[in-house]
Amino acid sequence: MLSLTGRVKLDPRLIVEEAMNTGERRLIVISGNDSPEVASEIAKIWLSKREGRLLIATHMGINLDRIPFDDATSIDFDQTEEVLGGTWDILIADISHQFRANDIGRLIEVVRGGGLAILTIPPAEEWINSMTEFQRRFMVPPFESRGVRQLFKSRFLSSIGKRGTFLLGEEVRGELCGRVSKDRAPIERTGDPLFDLCATRDQQRVLRSILDAFKERKRAFILTANRGRGKSAVIGIALSLIMNRSKIRSAVVTSPSIEGVQTIFNFLMRGLDAQGVNYEPLIREGRIIALRFKGKDVFYLTPESAAEVEVSLKVVDEAASIPVTTLFKFLSGGFTIFSSTIHGYEGAGRGFSLRFLGRLRKSGIPHAEERMDEPIRYPPDDPVERWLYDFLLLDAEPGEPPKNLEATYREISLDSISEEYLRKFYGIYILAHYRNRPNDLATLLDAPHHFARSLEAEGEPIVSIHLAEEGGLPNSLLEDMVRGMRDLPGHMIASRIVLHYSFKSFGRLRGWRIVRIATHPELQGMGFGTRALAEVEREARGKSVDWLGAGFGATEDLLRFWVRSGYHPVHISPSRNTVTGEYSVLVLKPLSEEASKLTEEVLKEFKRRVLASLHDVYFSLNPMVARLLLKSKLDGGKAKLSTSQRSRLLGYVKGSYVYELASDAVHEVVRSYFWQGKDCLTPREEAILVAKVLQGKPWETLKSRFGVKEPYELLREIVSNLLSCLDGLRDEA
1 MLSLTGRVKL
11 DPRLIVEEAM
21 NTGERRLIVI
31 SGNDSPEVAS
41 EIAKIWLSKR
51 EGRLLIATHM
61 GINLDRIPFD
71 DATSIDFDQT
81 EEVLGGTWDI
91 LIADISHQFR
101 ANDIGRLIEV
111 VRGGGLAILT
121 IPPAEEWINS
131 MTEFQRRFMV
141 PPFESRGVRQ
151 LFKSRFLSSI
161 GKRGTFLLGE
171 EVRGELCGRV
181 SKDRAPIERT
191 GDPLFDLCAT
201 RDQQRVLRSI
211 LDAFKERKRA
221 FILTANRGRG
231 KSAVIGIALS
241 LIMNRSKIRS
251 AVVTSPSIEG
261 VQTIFNFLMR
271 GLDAQGVNYE
281 PLIREGRIIA
291 LRFKGKDVFY
301 LTPESAAEVE
311 VSLKVVDEAA
321 SIPVTTLFKF
331 LSGGFTIFSS
341 TIHGYEGAGR
351 GFSLRFLGRL
361 RKSGIPHAEE
371 RMDEPIRYPP
381 DDPVERWLYD
391 FLLLDAEPGE
401 PPKNLEATYR
411 EISLDSISEE
421 YLRKFYGIYI
431 LAHYRNRPND
441 LATLLDAPHH
451 FARSLEAEGE
461 PIVSIHLAEE
471 GGLPNSLLED
481 MVRGMRDLPG
491 HMIASRIVLH
501 YSFKSFGRLR
511 GWRIVRIATH
521 PELQGMGFGT
531 RALAEVEREA
541 RGKSVDWLGA
551 GFGATEDLLR
561 FWVRSGYHPV
571 HISPSRNTVT
581 GEYSVLVLKP
591 LSEEASKLTE
601 EVLKEFKRRV
611 LASLHDVYFS
621 LNPMVARLLL
631 KSKLDGGKAK
641 LSTSQRSRLL
651 GYVKGSYVYE
661 LASDAVHEVV
671 RSYFWQGKDC
681 LTPREEAILV
691 AKVLQGKPWE
701 TLKSRFGVKE
711 PYELLREIVS
721 NLLSCLDGLR
731 DEA
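With UniProt numbering as the guide, the letters of the sequence shown map in order to residues 1 to 733.
In structure tokens, the structure reads:
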């Protein structure tokens, strides 16, 4: 055994004893060339005092042979999502070669109270000056020479030594502090085998609340909590009770990933076991996708599919990662349980509270709400959880909105920004976006071509802006891209325009992609987002940047914001995102003359593609989104009608012909209207034209989607208005 006390000033045995005696977790970071061996010795000290489970995480098995435990669970960092829901007493993670914020957020949470989270690195200075695999993806041309900033690693190392965390190696930090957590309320043993499956009083209370909401015929039950509180487990138990004791035959569970519902299925089975019910799981690729019992079934679907299927009971796990528009589709009938993490590695739960719950409360839809606070694996106020939240800004929130809203634009220096300002800056993202990940923070801090700006008032950030440079690519690389037909990482907009439109010269232009822009939630709708975009544009023009752009999942509100700000949609993905159900859209605003000319050519190709694909590839695209994609004004595109088409079109407008006899002519003039980017019709009228004429949706769909009793007459009226505003209709024999 290594002589641990001779190597460091703080005896690791005392750290082990403190963890065990307090029932709290302790985090130990070990630096040095022998850090894996030292980690193994500390783990052996723990295991010599108590039986326990050990989890080892490495990058591609590097250094795994230096952590010799036969009965440990070993995973690659790419498998961290798969261990969520599991519990271990000791974690040893070698972060020498791979250090992803998402992995740290997941792995730390699987360690139970009284256990150790041990992270190993080479000598600290060597580690700081090296690149992990995650950082290597930042080294894209032409930005390689700038180097990775290493701010995220520095942030990590400087955070170690706070309460419950220790650095052992060339430098030693941290001190024994005894117990700092709260007492856990003892579990109430009811004698009911299902309630006794619960690990905390919180779970028992929530289980009763779910059952009461179902009996009272509420439309929804919303459960929120920080990560690690046992939300999925209690939902699984509740599901077993409701399905077994009610007449419901089928239920659907959904989550952004199939892994997200495995805990629900596992506790559904435990609940059925407790009730003596036999069941048959349907397993695919090692994951449960359905459960059948007593002629009933519970099955997994993706969020978009789950929202559409007609069953009486639905469960939506990690609802914060699903668009609000999709969430509201679940409320059309039956009983739906929504579960969302408020703070945790998924992020965005507070945004869920503001966007979804706020609207739900105003809607009058009968629902119940509960929040869980008590952790399952470790005591309340566990110091390692507090460290994790501080380090990854998991619970960061913006400050109070300033009284004086006279705003100024600020160029943020990421290497000198104060912790308080960073928390408020990043907290705006957490409240405004539904897809935040800790990796986003690491990217902002480290990537050489990423940078930050803010709009601030009274020194407080009120709009947070994350930008990335793109383009400026050499001809040789552009030729390789076209020949290989591959995107270039780090150049989302430039590479797609080069590949999808064959405009290689666009790749030579310099652009700024707006990765994220978000306004303080209490100041939204006051024009600050638009003002911030204008300031970014002013700065970009001053630095001879050729274009500005952004990429996002297209919702009507979001797309309207960008179109209103003068950005042109130039690309839409051919399929929906399987998690969000949205199509990804790129928007572009040219700033230089060369960029303007190229953008006009791109827009022509884009409009041709969309107009020709709405009846097929984009048949399910929201018509309100489709009309916004087509708002850019272009020259030409005048309707070309034959004598027969003109005659039938006029006959249709006068009421002599039905739509079906003039549909080809109507299609031609509608296509012309959208090509030219006219504004003669209302948004609703344009959406109706898209839905019926360009997408070919049935009349019944127009009735239900737009609330129209007589869609035939309404369409005739819209087409009549359309003809009065279109120029250049001409005969073509």
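All C-beta atoms in this analysis are idealised placements derived from N, C-alpha and C, irrespective of residue type, glycine included. Everything numeric in this text was worked out from a predicted model, so none of it was measured.
Rounded Cβ spacing between residue i and residue j (contact assumed at less than 8 Å)
| i | j | result |
| --- | --- | --- |
| I242 | F214 | 6 Å |
| F267 | I288 | F267 to I288, Cβ: 11 Å. No contact. |
| R508 | G472 | 7 Å |
| A396 | I430 | 6 Å |
| R68 | I45 | Per the sequence shown, residue 68 should be read as Pro rather than Arg. That belief does not hold up - the Cβ atoms of P68 and I45 are roughly 15 Å apart, past 8 Å. |
| S96 | W127 | 7 Å |
| T341 | G581 | Not quite, the Cβ-Cβ distance comes to about 20 Å (not below 8 Å), so this is no contact. |
| A101 | A442 | 5 Å |
| F143 | P521 | Incorrect: roughly 33 Å between the Cβ atoms, too far for contact. |
Cβ-based neighbour list, residue i, same chain, cut-off 6 Å, excluding 5 preceding and 5 following
| i | result |
| --- | --- |
| V708 | L702, L714 |
| G115 | R25, D89, I90 |
| L55 | T73, W88, L91 |
| T22 | R179 |
Whole-angstrom distance between residue j and residue i, CA atom to CA atom
| i | j | result |
| --- | --- | --- |
| V537 | K9 | Per the sequence shown, residue 537 should be read as Glu rather than Val. Cα-Cα distance, rounded: 54 Å. |
| M20 | D382 | 13 Å |
| G527 | V463 | 11 Å |
| residue 737 | R137 | As displayed, the chain neither begins before 1 nor continues past 733, which places residue 737 out of reach and without an answer. |
| G677 | K638 | 11 Å |
| F674 | R627 | 8 Å |
| E370 | L393 | 24 Å |
| T5 | L14 | The predicted position of T5 is uncertain, since its pLDDT is 43 and thus under 50; a value taken from the coordinates is nonetheless stated next. Whole-angstrom Cα-Cα distance: 10 Å. |
| R106 | E81 | 7 Å |
| A733 | F619 | Low confidence applies to A733: its pLDDT is 29, below 50, so where it sits in the model is not reliable enough to give any reading. |
| G529 | T519 | 6 Å |
| R453 | R50 | 51 Å |
| S181 | A93 | 25 Å |
| L27 | G164 | 6 Å |
| N721 | Q524 | 35 Å |
| W562 | H571 | 14 Å |
| A691 | F195 | 51 Å |
| P489 | D103 | 21 Å |
| S647 | L586 | 40 Å |
| M1 | S257 | Confidence at M1 is low in this model, with a pLDDT of 38, below 50, so the placement of that residue is unreliable and no value is reported for it. |
| N63 | V253 | 39 Å |
Residue j beta carbon less than 8 Å from that of residue i
| i | j | result |
| --- | --- | --- |
| G511 | A532 | no |
| M624 | P698 | no |
| M372 | L223 | yes |
| E109 | R284 | no |
| L614 | H568 | no |
| S232 | D317 | yes |
| L661 | I718 | no |
| G174 | F166 | yes |
| E470 | H491 | yes |
| V201 | A225 | In the sequence as displayed, the identity of residue 201 is Arg instead of Val. No, Cβ-Cβ distance for R201 and A225 is not below 8 Å. |
| G551 | K589 | no |
N- and C-terminal bounds of the beta strand (DSSP E) containing residue i
| i | result |
| --- | --- |
| I517 | 510-519 |
| G191 | No beta strand (DSSP E) contains G191, which DSSP labels as neither H nor E. |
| R410 | 408-412 |
| T336 | 335-341 |
| P281 | 280-284 |
| residue 807 | With the chain running from 1 to 733 in the structure shown, residue 807 is simply not present. |
Contacts around residue i, its chain only, beta-carbon distance under 8 Å, and the 5 residues preceding and following it disregarded
| i | result |
| --- | --- |
| P574 | V617 |
| R716 | Y652, V653, G655, Y659 |
| E259 | E81, E82, L84, R287 |
Cβ shell of residue i (< 7 Å), same chain only, five flanking positions each side left out
| i | result |
| --- | --- |
| P711 | W699, L702, K703 |
| A238 | L207, I210, L211 |
| Y279 | M269, L272, L291, R292, F293 |
| E346 | Bear in mind that a pLDDT of 49 at E346, under 50, signals an unreliable position, so the model cannot answer this. |
| E406 | A457 |
First and last residue of the uninterrupted alpha helix (DSSP H) at residue i
| i | result |
| --- | --- |
| Y421 | 419-432 |
| I62 | Here I62 belongs to no alpha helix (DSSP H), and DSSP marks it neither H nor E. |
| residue 767 | Residue coverage of the chain in this structure runs from 1 to 733, which leaves residue 767 outside it and unanswerable. |
| V610 | 593-613 |
| R219 | No alpha helix (DSSP H) contains R219, which DSSP labels as neither H nor E. |
| M269 | 262-274 |
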